[in-house]
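Read in the working numbering, the sequence shown has 189 at position 7, and its numbers run on one by one without any break.
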Amino acid sequence: MQALNPDRRLVLCAGLLAPAALLGACGTPLPLNPPPGSSAAAAAAQARLMDSALAHGLEAYRQYQDISVAFTGQWRPLINGIQPEVVDRAYRGASEERLLPSLGAVAQSWRGSDDPRLRKHVFWHRGDAATARPDELGLWYDGQASTDAARAAASALVAECCGLFLLGPLWLAGRCMPIEVNGTERVNGRLCDAVQVWLRPGLGRSQQDRVTVLVDRDDQLTRRLRFTLEGFAGTRGAVAEVDWLDFSRRFGVLWPTRFYEEVVHPLRLPAHDWALSGLSVNRGFSLADLRGPNLSGAAAAPAAPL
183 MQALNPDRRL
193 VLCAGLLAPA
203 ALLGACGTPL
213 PLNPPPGSSA
223 AAAAAQARLM
233 DSALAHGLEA
243 YRQYQDISVA
253 FTGQWRPLIN
263 GIQPEVVDRA
273 YRGASEERLL
283 PSLGAVAQSW
293 RGSDDPRLRK
303 HVFWHRGDAA
313 TARPDELGLW
323 YDGQASTDAA
333 RAAASALVAE
343 CCGLFLLGPL
353 WLAGRCMPIE
363 VNGTERVNGR
373 LCDAVQVWLR
383 PGLGRSQQDR
393 VTVLVDRDDQ
403 LTRRLRFTLE
413 GFAGTRGAVA
423 EVDWLDFSRR
433 FGVLWPTRFY
443 EEVVHPLRLP
453 AHDWALSGLS
463 VNRGFSLADL
473 RGPNLSGAAA
483 APAAPL
């Protein structure tokens, strides 16, 4: 009998294991509780993160009230079968996305991957503990509000990740959070410092997540983001990475324009390739323009093509 090659074994395992078990059965290899560290080490790590934020255009970013982006992309084989609620491949094709960074608000409006008539809209507004304002999530499929609990939790996670994936160190810089530099790694051949942060609250509806920002030693650019996915039951315990592969400077910020996502724990699995196809800033839209079931008002027009 012919022996199975490793890739074939992965395909068979993916088909045999239940989706939640496949990504969530093992505990995360990134400890969620921050280790005790010195204030000097934390200050050095904050400085390293700030180096990258400045290299990407922090001063210009601080002048933004709102950001409009458009993305196109392609999902890799297998991933939708393993995590259907998160990937939601039928509905998550090309997208128009809007951010109000200072308010912690995101709206994502997708067309179907294979059928552009399909529509999905997500509105996520991070809650405020100081004022006891709860998180706010709106989810619509083809103009109809959805109350599906699993889809809602997955959508909150994906929406929160929008800011992290697009902005990286700009999104993280200046936060009060545990932080350390944990050695170096090579990313696509480039030597990077591994700056680790602990977010509380975490991504989406998670209480806490851990993010590693891989900062290039030579040019201070962020090359990779590694993160836990505790905000959805089906991905709890999993770790994924997003690589920033190309860049373009617009409106004073050096933006990532090509992205590659891969699950790295509990198995290594390619997930998603996508690209920034449109970008506008300071259009003057409000929370009301994002809430759905569609983008409206000053948020409605597509982002300017790149």
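C-beta: ideal position from N, C-alpha, C; glycine also.
Problem set entry | At least three beta-carbon pairs within less than 8 Å, the segment 446-453 to the segment 271-278 | Contact between the segment 446-453 and the segment 271-278 is absent, because fewer than three Cβ pairs lie under 8 Å.
For this session: Return the first residue and the last residue of the beta strand (DSSP E) that N215 is part of.
Result: Against the sequence shown, residue 215 aligns to sequence position 33. Looking at the DSSP string, N215 is not in any beta strand (DSSP E), and its letter there is neither H nor E.
Problem set entry | For F253 and S459, believed in contact at Cβ under 8 Å, the rounded distance | Locating residue 459 in the sequence shown gives position 277, counting from the first residue. Locating residue 253 in the sequence shown gives position 71, counting from the first residue. Taking the Cβ atoms as the reference, S459 lies roughly 6 Å from F253, within the contact range of under 8 Å.
Exercise. Any C-beta of chain C sitting closer than 9 Å to the C-beta of L348?
Worked result: Here chain C cannot be found, since the structure has a single protein chain.
For this session: Give every residue of the same chain whose Cβ lies closer than 6 Å to the Cβ of S468, excluding the five residues on either side of it in the sequence, and list them in chain order.
Result: The count along the sequence shown starts at 1 and reaches residue 468 at position 286. Spatial neighbours of S468 in its own chain (CB-CB distance under 6 Å, excluding positions within 5 residues in sequence) are not present.
Exercise. Taking the DSSP output, what are the residues bridged to I249?
Worked result: By 1-based counting over the sequence shown, the position of residue 249 is 67. DSSP, once it has assigned bridges, lists L281, V463 as partnering I249.
Problem set entry | the segment 384-400 in contact with the segment 352-370 per 3-pair CB rule at 8 Å | Yes, since at least three Cβ pairs between the segment 384-400 and the segment 352-370 fall closer than 8 Å, the two stretches touch.
Exercise. Taking the beta strand (DSSP E) that L407 falls in, what are its first and last residues?
Worked result: Here residue 407 corresponds to residue number 225 of the sequence shown, with the count starting at 1. Segment 404-410, the beta strand (DSSP E) holding L407.
Exercise. Taking Cβ positions, are S295 and A272 nearer each other than 9 Å?
Worked result: As a position in the sequence shown, residue 295 is number 113, starting the count at 1. As a position in the sequence shown, residue 272 is number 90, starting the count at 1. In contact: S295 and A272 (Cβ atoms closer than 9 Å).
Problem set entry | Distance CB(A453)-CB(E362) smaller than 9 Å | Residue mapping note: residue 453 aligns to position 271 of the sequence shown, counting from 1. Residue mapping note: residue 362 aligns to position 180 of the sequence shown, counting from 1. Contact: no.
For this session: Keeping to the same chain, check which residues put their C-beta closer than 6 Å to that of D428; ignore five residues upstream and five downstream.
Result: Here residue 428 refers to the residue found at position 246 of the sequence shown. Within the same chain, D428 has close Cβ partners T439, R440.
Problem set entry | When L488, A336, G345 are compared against A430, the one with the closest alpha-carbon | Within the sequence shown, numbered from 1, the residue matching residue 430 stands at position 248. The sequence shown places Ser at residue 430, not Ala. Among L488, A336, G345, the Cα nearest to that of S430 is on L488.
Problem set entry | Assumed close pair A237, L346 - CB separation to whole angstroms, cut-off 8 Å | In the sequence shown, the residue the question calls residue 237 occupies position 55. In the sequence shown, the residue the question calls residue 346 occupies position 164. Actually they are not in contact, since the Cβ atoms of A237 and L346 sit about 17 Å apart, beyond 8 Å.
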